[in-house]
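Numbering (our numbering), first residue to last: 682 to 902.
Below is one structure, written out as structure tokens; comments come after it.
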């Protein structure tokens, strides 16, 4: 089978629909998005753009093979009503969910990876740098979803942006909440909670409340 036959054999209705819905023809015809049959389009009313050179299959959604999950039955969800921006290649693993509200923006830096079963909820602004890795069962959200008011009727839980630097590894079962800032070359240990600005680059953070436990580290994706 030629490389062209192999390429066209993996095309599905979802892949064709998604690429030509969001991209101009000269980009869509290269099929930069590969979409698994297990991806559920909850809403596709927003805007999706690729801010980088285009190549076939550079962005994969709903694929993967993490041994502790059933990749055949694990469904990914896209709920895009705002703006989703890809700055390069991305691999959003099976069972992952992405929701961007009408006024929200989610920016994924080049070489972005979710292994499986993680969720991102952007109501305001969430931005990832390049070479970021998210492990499974992680939730990142810049909103509480529901409004809380004080005795004067003033809202006290406003949404706040989240900024994640370059080369950041977020371990499994982490919770990254509104107002979080994670610096370059950081590692976030399993089951940690971040809701503030972390100051030290090249460091390992763990716990709830999160704290720095090791500086001057290096890691590679």
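Note that beta-carbon positions come from the ideal geometry of N, C-alpha and C, so glycine has one too.
For residue i, the three-state DSSP class (helix, strand or coil)
i, result
"residue 700", "helix"
"residue 695", "helix"
"residue 771", "strand"
"residue 747", "coil"
"residue 735", "coil"
"residue 753", "coil"
"residue 837", "coil"
"residue 717", "coil"
"residue 809", "strand"
"residue 796", "coil"
"residue 816", "coil"
"residue 865", "coil"
"residue 849", "coil"
"residue 875", "strand"
Sequence-distant residues of its chain with Cβ nearer than 6 Å to residue i (five each side left out)
i, result
"residue 701", "709"
"residue 773", "742 and 795"
"residue 753", "none"
"residue 844", "808 and 862"
Residue range of the beta strand (DSSP E) that includes residue i
i, result
"residue 709", "First-last for residue 709: 706–709, but that is the alpha helix (DSSP H), not the beta strand (DSSP E)."
"residue 892", "892–896"
"residue 823", "Unbroken run through residue 823: none, as it is neither H nor E."
"residue 789", "786–789"
"residue 728", "728–731"
"residue 803", "800–803"
"residue 780", "778–781"
"residue 884", "884–887"
Rounded C-alpha distance that separates residue i from residue j
i, j, result
"residue 857", "residue 833", "29 Å"
"residue 694", "residue 711", "15 Å"
"residue 788", "residue 806", "8 Å"
"residue 850", "residue 837", "31 Å"
"residue 813", "residue 830", "35 Å"
"residue 902", "residue 810", "13 Å"
"residue 793", "residue 716", "16 Å"
"residue 799", "residue 891", "20 Å"
"residue 734", "residue 761", "22 Å"
"residue 818", "residue 779", "13 Å"
"residue 835", "residue 894", "38 Å"
"residue 720", "residue 828", "30 Å"
Test item: CB-CB of residue i and residue j under 7 Å
i, j, result
"residue 795", "residue 770", "no"
"residue 866", "residue 848", "yes"
"residue 791", "residue 766", "no"
Neighbourhood of residue i by C-beta distance below 7 Å, restricted to the same chain and skipping five residues each side
i, result
"residue 685", "Legend: pLDDT at residue 685 = 44, less than 50; position of this residue unreliable, no value from coordinates given."
"residue 878", "862"
Cβ-based neighbour list, residue i, same chain, cut-off 8 Å, excluding 5 preceding and 5 following
i, result
"residue 898", "866, 868, 883, 884 and 885"
"residue 747", "774, 775, 796, 797, 798 and 817"
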